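So the sequence shown is residues -27 to -1, 1 to 438, counted in mature numbering (1 follows the signal peptide of the UniProt record, and there is no 0). For glycine and all other residues, C-beta sits at the position ideal for the given N, C-alpha and C. Remember, predicted model here, so these are calculated numbers, not experimental data.
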Amino acid sequence: MGVLPWRRLTPSHRLLCLMCGCQEGAGDDIDALLETIEQSNGLTLQSEGCGASDNRPVLYVEHRNLNPETELKRYFGARAVLGDQRPRQRQRQFHRSTWMTIPKNTWPRFSRPGISMTLLESRDGLQYFTFEHSRDYQQIQFKFLDSVESMDPNNIVALLQMNPYHIDSLLQLSDVCRIQEDQEMARDLIERALYSFECAFHPVCSLTSGTSRLDYLRPENRAFYLAGYKHMMFLERRGCPRTALEYCRLILSLDPDSDPLCMLLLIDFLSLRSREYNFLLRLYQDWEVHRNLSQLPNFAFSVALSHFHLSQEDQTESEERERLKHKADLLLQDALIMFPGVLMPLLDLCTVQPDAAVSSHDFFGPRSIMPPCLSCLSYIKSKFIWVLLWLEECVREVLRRVDAKDPLVEDCQNKRKQRYQSAPLNIHRHVILSEIKEATSTLPLVRDSGNSHSTIPWSPVLFLI
């Protein structure tokens, strides 16, 4: 970890450190100093386990974990991450303090683009918000739609030159830059869109409490979902899975009942990537009763993986390790019996040649009946986190149970026939946003209902309902 000398702390941080009992010249680790500061304000660092946060909502979001620098500091040290930023901060032209993004001096001078947030109602401890567009912003939106219809990205660029914080134009141009492999510019445009949104937040809108709701069916709100999703994926590709997980929790908390972008297909993968096994198990335990998470193939396999990885941790006692390993074995076997169609494509992606006993067995053939896109997402996203030797052991045990006519095999087969006839619309949205070719190729053709621009190759997905 990097060490931050006392003289390099901001005056406000120095004052808070003195109030918390830190001594000048101590040369404390920046993470330790920030932890002390946050604890003095009633905040606590997120525990690796779920015990310290059991009293908080499962989708509780911490501000500090929305900043990728927090995660990067853990990897490279504070000095490597923050060393060259303080001189630039003295010249910042942005005065609004934000949590989701850090404004950059390279951005155009900010002026409110005409977006505001309104509190619709408060009910049962929840606050329901919506974004609203001013009349001038609506006119810009019409120009944007004309630019989309023209299929010329230069028209989007021209519109942004006149309106540098128009949300949909920022999202669309980001997609164009990403397709042209300008990842840095693509990410920068998404961050600018999020900054514009956050500056419009209602004073009582809380990102962290898990009690703020935003209806995806209102067209003005969809761009915020998309900006958050795209930012989350950039963070994951950047090597910040813990920060990406925090954004995933944030997006899911905005509408956990409908889950319009089906974040449940992604939150388990990010939890495994960031080694937040206890969080994933707590989410599974809290939501299984009313959401049937075990019927999603990604959760069926990810929960088993979480138990396995917890059993391999050094601090786990031997008895607990054996219990977790035994439970992981049973969960993985049940997942393979329920979703046998996932195995062979997964092994193929991992470039593993199954032995003859597995490849020739009828059970792992094309017998599973479930939406193809759901199956694709399950094995494609998780191929990087599998422990193949453990998987092989469980596959052999599954074949033994199948040959022994285990009643669970027939029961799962009947469930697949009844439950996986077609995928709901939120899964289709998720597949489109994922841009995974193996998954998108399985989607049905989208019919243009008059409010969808999905037939335009480079149009925004925000019009999808």
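- Cβ-Cβ separation, Val375 to residue 455 (assumed contact under 8 Å), whole Å: Since the displayed the chain opens at -27 and closes at 438, residue 455 lies outside it and no answer follows.
- Task: Report the rounded CA-to-CA distance for Arg210 versus Gln288, giving the unit in angstroms.
- Result: Distance between the alpha carbons of Arg210 and Gln288: 30 Å.
- Query: Quick one: what's His106 bridged to in DSSP?
  - Reply: Ile88, per the DSSP bridge assignment.
- CA-to-CA distance, Leu199 to Ala377, given in whole angstroms: So the alpha carbons of these two residues sit roughly 48 Å apart.
- Task: Return the CA-CA distance between residue 439 and Arg402, expressed in angstroms with no decimal places.
- Result: Because the chain is modelled from -27 through 438, residue 439 falls outside the range shown and cannot be assessed.
- Message: Judging by CA-CA distance, which residue of Ile224, Phe170, Gln153, Ser147 is the nearest neighbour of Asp161?
- Response: Checked all of Ile224, Phe170, Gln153, Ser147; the closest Cα to Asp161 is Ser147.
- Can we say the stretch 212 to 224 touches the stretch 93 to 111, given the rule of at least three CB pairs closer than 8 Å? These segments do not touch.
- Based on the DSSP secondary-structure assignment, which residues constitute the bridge partners of Tyr101? Per DSSP, Glu94, Arg186.
- Pair within 9 Å by beta-carbon distance, Glu370 and Gln285: When the beta-carbon positions are compared, Glu370 and Gln285 stay at least 9 Å from each other.
- Tell me whether Leu398 is buried or exposed, calling it buried when 16 or more other Cβ atoms sit within 10 Å of its Cβ. Counting Cβ neighbours within 10 Å, Leu398 comes out exposed, since fewer than 16 surround it.
- Item | Per-residue burial, Cys221 [other beta carbons within 10 Å of its own, 16 or more giving buried] | Buried.
- Run through DSSP, which three-state label would Ile129 get? Residue state, collapsed to three classes: helix.
- Message: Using a 10 Å radius around the Cβ and a threshold of 16 neighbouring Cβ atoms, would you call residue 442 buried or exposed?
- Response: Because the chain is modelled from -27 through 438, residue 442 falls outside the range shown and cannot be assessed.
- Contact set for Ala173: own chain, Cβ-Cβ below 8 Å, skip 5 residues either direction: The residues are Arg85, Ile88, Ser89, Met90, Phe104.
- Item | Coarse secondary structure for Asp2, derived from DSSP in three states | Low local confidence applies: a pLDDT of 48 at Asp2 is under 50, so the model's placement there is unreliable, and no value is given.
- Met(-9), DSSP secondary structure in three states: The pLDDT assigned to Met(-9) is 47, lower than 50, so where the model puts this residue is not dependable, and the model offers no usable value.
- Item | Same chain, Cβ closer than 7 Å to Arg241, five either side skipped, listed in chain order | The sequence given here places Asp at residue 241; Arg does not occur at that position. Sequence-distant partners of Asp241 (beyond 5 residues in either direction) whose C-beta falls short of 7 Å from its own C-beta, in its chain, are Leu253, Asn271, Phe272, Ser275.
- Would you check if the stretch 177 to 186 and the stretch 30 to 42 touch, i.e. whether three or more CB-CB distances between them fall below 8 Å? Yes: at least three Cβ pairs fall under 8 Å.
- Task: Please name the residue in Ile113, Val149, Ile140 whose C-alpha comes closest to that of Met124.
- Result: The shortest C-alpha separation from Met124 is found at Val149.
- Task: Within the same chain, show all residues whose beta-carbon is closer than 7 Å to that of Tyr48, passing over the 5 residues directly before and after it, in chain order.
- Result: So the list is empty, once near-sequence residues are dropped.
- Task: For Ser247, name the three-state secondary structure that DSSP assigns.
- Result: Three-state result, Ser247: coil.
- Among Glu122, Leu245, Asn251, Asp141, nearest to Lys203 - alpha-carbon criterion: Closest in C-alpha terms to Lys203, from the list Glu122, Leu245, Asn251, Asp141, comes Asp141.
- Environment of Ile152 [buried if 16+ CB atoms lie within 10 Å]: In this structure Ile152 is exposed. Its beta-carbon is surrounded by fewer than 16 other beta-carbon atoms within 10 angstroms.
- Query: For Cys323 versus Trp363, is the C-beta spacing smaller than 9 Å?
  - Reply: The answer is no: Cβ separation not under 9 Å.
- Task: Please look up how many angstroms separate the CB atoms of residue 488 and Leu144, rounded, as I've assumed it's under 8 Å.
- Result: In the structure displayed, the chain extends from -27 to 438; residue 488 sits before or after that span and is not available.
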